[in-house]
Amino acid sequence: MAQKKFTTSFDEEVMKQRKLKAVKENTDSSKMMEKLVKEY
Numbered sequence: 017m018a019q020k021k022f023t024t025s026f027d028e029e030v031m032k033q034r035k036l037k038a039v040k041e042n043t044d045s046s047k048m049m050e051k052l053v054k055e056y
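Using my numbering, read the sequence shown as starting at 17 and increasing by one per residue.
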């Protein structure tokens with residue numbers, strides 16, 4: 017499937033938490049966000 021760039025804004029603390037969680041799960045934040053959106 018083709019990827020499309022998407023831009024949004026989050027609270028700085030949310031961004032830090034998202035990046036830390038992605039590292040702990042051995043993924044990147046874009047893949048993590050895509051997974052969350054699909055589950056929603």
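By construction, the Cβ of each residue, glycine as well, lies at the ideal position given by its N, Cα and C atoms.
query	result
Starting from Q19 and walking both ways along the alpha helix (DSSP H), at which residues does that stretch end?	Looking at the DSSP string, Q19 is not in any alpha helix (DSSP H), and its letter there is neither H nor E.
For S25, tell me which candidate among K54, Y56, E55 and M49 has the shortest Cα-Cα distance.	M49
Straight-line CA distance for S45 to Q19?	15 Å
Alpha carbon to alpha carbon, what distance is there between F22 and E41?	22 Å
Here's a check: name, in chain order, each residue in its chain whose Cβ is nearer than 6 Å to the Cβ of K35, leaving out the five neighbours to either side.	S45
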